[in-house]
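Peer 1: Quick one: this structure, given as structure tokens, is what I'll be asking you about.
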Amino acid sequence: MAHVIIGTSGHVDHGKTSLIKALTGVDTDRLKEEKERGITIQLGFTYFHLPDGSKAGIVDVPGHEKFVRNMLAGVGGMDIVLLVVAADEGVMPQTKEHLNILKLLDVKKGIVVITKKDLVDEELLELVKEDIKDHVKGSFLEGAPFVPVSSVTGEGIDELKEEIIRLTSNVEEREIKDFFRLPVDRVFTLKGFGTVVTGTLKDGVVSVGDSCILYPSGKEVKVRSIQVHGEKVEKAYPGQRTAINITGVEKEEVSMGDLLTTFGYLTPQNKVNCVLNLLEDAPTLKNGEMVRFHWGTEETYGRAVLLDREELAPGEKCYCQIRLNSPVVVARNDHFVIRSMSPVDTIGGGVVLESTLKRVPRYNNNVLQKFEILEKGSMEEKILLGLKEHSAKGVTKDELGVLLQIDKREIEGVLDKLIEKDRVLILAEDGKEILVESSIYNFITKEIEELLKDYHQKFPLREGINKEELRSKLGDLYSVKLLNSILKKMEKDGVIHTSDLYIGHRDFKITLSEKEEQKIGEVLKQIGELTFKPPTKEEVSLDNKLLEYLIAQGKVIPIENFLFHPEVFHQGVKKVVELIKDNPKGVNIGQIKEVLDTTRKYLVPFLEYLDGEGITRRIGEVRILGSKGREMV
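Just so we're aligned, residue 4 is where the sequence shown starts under the working numbering, counting upward by one.
This is the structure:
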């Protein structure tokens, strides 16, 4: 059976708290001030016993207009609402506002409870019923049960209990997501335990021992223990009233409106892209107008930027970006409420499409099309949209779910189909599978091919471009892991050829003219004949392009400003290694000079090069074999 939260809603002093006491025997007014003033200020909590032995949580919310923020905090997790209307007063201002809030937050089930039945006659009771029916017409409460009760005499309470039990049996289980969220509605300390936070668990499962994060502070905390309805448990599930004892934070560092959630999934963002609905009796909302933003237990302020119009008329909806004064942690498909700044009234609400740090432009077709996909699109369209936006980073399967704020189990089957259709490609890098939307892959590979062709045209005697130079030419748009994985696939597909340093296009091959071939032959003969007294770069009459070509091809080895013939160089290395092998305590420069028949002018840079390569190692005035030299023995 699903875990159920039942909540009250209605005007101040219409008997919500008394009703809960009649249903459960518990007085949810906890504060001295509440007792003295006779109204609920904070949220009150208890539970209702169900026939199967389980318990449904009950949230008693304030009805007074000054405490609507607290009321909003309680409504966020409700499965069933008891809309409370006093028989002696009927529908009042907060009744209407609460009903609007319930509709905006997408509460789907409810019962209309007419309290204080003992104070009126049947005729007035019928008039109140008709008035309520007019106000709930078109809402989720149209056609809902109407139960008149008296919390004083107990009349109607049993009938109400039966209706509650009937409705709870039809509540669907909440979806369990990869991450849990607990909007904090109360915080306190217990001696010997420390900080305790409470709330209605919104998504996912939280377990004892879990590491999690508390926003907006960003403090990492650990779950020490969990209670549900006063009983100690190892896990809590969506829809349960939950108290969590956390370590790593003091009570003074936590407040109502904070969010406890799984580490690594959600982050605070100061802009909410959304579908915004304005209530039919609200004033016209102008573009850029300041509003109060309510989600879960959180309240902040922001500017409503209308993306396709200058004003939003009552009863209309549009795409909007709410630019907030302080960051919030919301997820896709969360419902929220907006209230006007002054006077403070509920004027609308909507559904979160995504949260971001980026401003979006107004009257932009691409933005509006994107929002339409986020609102109405298929899972395929949402995945492709997400990959188009994030492919440049190099996204893994696990990261995709986090970026889209969609459970990875929802993504898997759809993603497999997209891969089969070649709409999404899988690339490999460091043992990880990287997902790339095919049009993004095609765009990047085309860009790389164009860069390579242009490079080969400018430098016809070079094998290809240095990898780092290629990355810099592409700019900072693409991550290193993405580019590496794309280059591997391009090489596998035969589009490019690579070496340790260079990347070249498959259609390119170095071609030398007859004159260049002749010149190179002469220079190589000259260098070879000079053996261990090689020429400098200036002493060989070659232009820079041909010299670069010889070095890149390994036909000459540059050491400082000298050009060694490869055969001469390798023979020299072999002689030095054999000399040191026969003299393991080390050889001095004079001994090496004699073996190589050269002078200090050429020998010093040659030996320093060998030191740098690890073939030799200098100790004082002698040299011994380095690590690479020992491998050559």
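Glycine residues also receive a C-beta, built at the ideal position from the N, C-alpha and C atoms.
Check K320 in the structure and name its three-state DSSP category.
Peer 2: DSSP places K320 in strand when its eight states are reduced to three.
Peer 1: Which class does M293 belong to by DSSP, given the choice of helix, strand or coil?
Peer 2: The answer is strand: DSSP assigns M293 an E or B state.
Peer 1: Please identify the residue among C321, H338 and R306 whose C-alpha is closest to the C-alpha of N328.
Peer 2: Nearest of C321, H338 and R306 to N328, Cα basis: R306.
Peer 1: Out of curiosity, what's the CA-to-CA distance linking G13 and K120?
Peer 2: Going by the C-alpha atoms only, they are around 16 Å apart.
Peer 1: In its own chain, which residues sit with a C-beta less than 8 Å from the C-beta of K225, not counting the 5 before and 5 after it?
Peer 2: Here the set comprises G212, D213, S214, C215, I249, T250 and G251.
Peer 1: Since I believe I104 is in contact with F174 (beta carbons under 8 Å), could you give me their beta-carbon distance rounded to a whole number of angstroms?
Peer 2: Here the sequence assigns Val to residue 174, which means Phe is not the residue at that position. About 20 Å; that fails the 8 Å criterion.
Peer 1: What does F339 pair with, by DSSP beta-bridge criteria?
Peer 2: F339 pairs with G353.
Peer 1: How many Å lie between K24 and I61 at the Cα?
Peer 2: Distance between the alpha carbons of K24 and I61 is about 11 Å.
Peer 1: Count the other C-beta atoms from every protein chain shown that fall within 10 angstroms of the C-beta of T539, then say buried if there are 16 or more, exposed otherwise.
Peer 2: Label assigned to T539: exposed.
Peer 1: Would you say the segment 494-506 touches the segment 586-603, given that touching needs at least three Cβ pairs under 8 Å?
Peer 2: They do not touch, by the three-pair rule.
Peer 1: Going by other Cβ atoms of all chains shown within 10 Å of its Cβ, with 16 needed for buried, is K111 buried or exposed?
Peer 2: With fewer than 16 Cβ atoms within 10 Å of its Cβ, K111 is classed as exposed.
Peer 1: Just list the residues that DSSP pairs P569 with in beta bridges.
Peer 2: Answer by DSSP bridge pairing: none, since P569 is not bridged.
Peer 1: State the Cα-Cα distance for the pair V333 and E125, rounded to the nearest angstrom.
Peer 2: Rounded to the nearest angstrom, the two C-alpha atoms are 47 Å apart.
Peer 1: Please state whether DSSP places M74 in a helix, a strand or coil.
Peer 2: Model confidence at M74 stands at a pLDDT of 46, short of 50, so the residue's coordinates are unreliable and nothing is read from them.
Peer 1: Could you give the distance in angstroms between the alpha-carbon of L421 and the alpha-carbon of K373?
Peer 2: In a straight line, the C-alpha of L421 is about 19 Å away from that of K373.
Peer 1: Where are the beta strand (DSSP E) runs, 3 residues long or more, that stay fully inside the segment 85-116, in chain order?
Peer 2: The segment 85-116 contains no whole beta strand (DSSP E) run of 3 or more residues.
Peer 1: Is it a yes or a no for the segment 166-185 touching the segment 203-210, going by three-plus beta-carbon pairs under 8 Å?
Peer 2: Touching, per the Cβ criterion.
Peer 1: Quick test of your reading: V123 and D91, contact by CB under 8 Å. State the CB separation rounded to the nearest angstrom.
Peer 2: Correct: roughly 6 Å between the Cβ atoms.
Peer 1: Mapping DSSP to helix, strand and coil, what is R169?
Peer 2: In this structure, R169 counts as helix in the three-state DSSP scheme.
Peer 1: Among L485, T201, K132 and L610, which has the Cα closest to the Cα of K435?
Peer 2: Cα-wise, what sits closest to K435 is L485.
Peer 1: Tell me whether G41 is buried or exposed, calling it buried when 16 or more other Cβ atoms sit within 10 Å of its Cβ.
Peer 2: Its pLDDT being 37, under 50, G41 is placed unreliably by the model, and nothing is read from it.
Peer 1: Please list the terminal residues of the continuous alpha helix (DSSP H) segment that includes H393.
Peer 2: From DSSP, the alpha helix (DSSP H) with H393 extends over M382 to H393.
Peer 1: May I ask which residues mark the beginning and end of the beta strand (DSSP E) holding P151?
Peer 2: Residues F149 to P151.
Peer 1: I'd like to know whether the C-beta atoms of S358 and V275 end up nearer to each other than 7 Å.
Peer 2: Yes; because the gap between Cβ atoms is below 7 Å, this pair is in contact.
Peer 1: Please list the terminal residues of the continuous alpha helix (DSSP H) segment that includes H138.
Peer 2: Per DSSP, H138 belongs to the alpha helix (DSSP H) from E125 to V139.
Peer 1: For a test of the three-state rule: what should DSSP assign to I160, helix, strand or coil?
Peer 2: In the structure shown, I160 sits in a helix (DSSP, three-state: H, G or I).
Peer 1: Kindly list the residues whose CB is nearer than 6 Å to the CB of E231, restricted to its own chain and excluding five residues on each side of it in sequence; keep chain order.
Peer 2: Position check: residue 231 holds Val in this sequence, whereas Glu was assumed. Correct list, in chain order: A239, Q243 and T245.
Peer 1: So if DSSP puts Y304 in a beta bridge, which residue, or which two residues, is it bridged to?
Peer 2: The partner list for Y304 (beta bridge, DSSP) reads R295.
Peer 1: In the DSSP output, what is N591 paired with across the bridge?
Peer 2: According to DSSP, which records beta bridges pairwise, N591 is partnered with V625.
Peer 1: Closer than 8 Å by C-beta to K320: which residues in its own chain qualify, once you throw out the five before and the five after it? Chain order, please.
Peer 2: Hits under 8 Å: V278, L279, N280, L281 and G353.
Peer 1: Going by CA-CA distance only, name the one from G467, N469, G397 and L473 that's closest to E440.
Peer 2: Taking only the C-alpha atoms, the option nearest E440 is G397.
Peer 1: In the DSSP output, what is H508 paired with across the bridge?
Peer 2: Beta-bridge pairing links H508 to I499.
Peer 1: Can you find the residues in the same chain that come closer than 7 Å, C-beta to C-beta, to T156, ignoring five residues on each side of it along the sequence?
Peer 2: Same-chain partners within the cutoff: D121.
Peer 1: Under 7 Å, Cβ to Cβ, is there at least one residue of chain D near L204?
Peer 2: Looking for chain D here will not work: only one protein chain is present.
Peer 1: Residue ranges of each alpha helix (DSSP H) run of no fewer than 4 residues wholly in the segment 509-569, ordered along the chain?
Peer 2: Correct list: 517-532 and 547-555.
Peer 1: Use the C-beta contact count for P364: other C-beta atoms within 10 angstroms, 16 or more gives buried, fewer gives exposed.
Peer 2: The residue is exposed, with fewer than 16 neighbouring Cβ atoms inside 10 Å.
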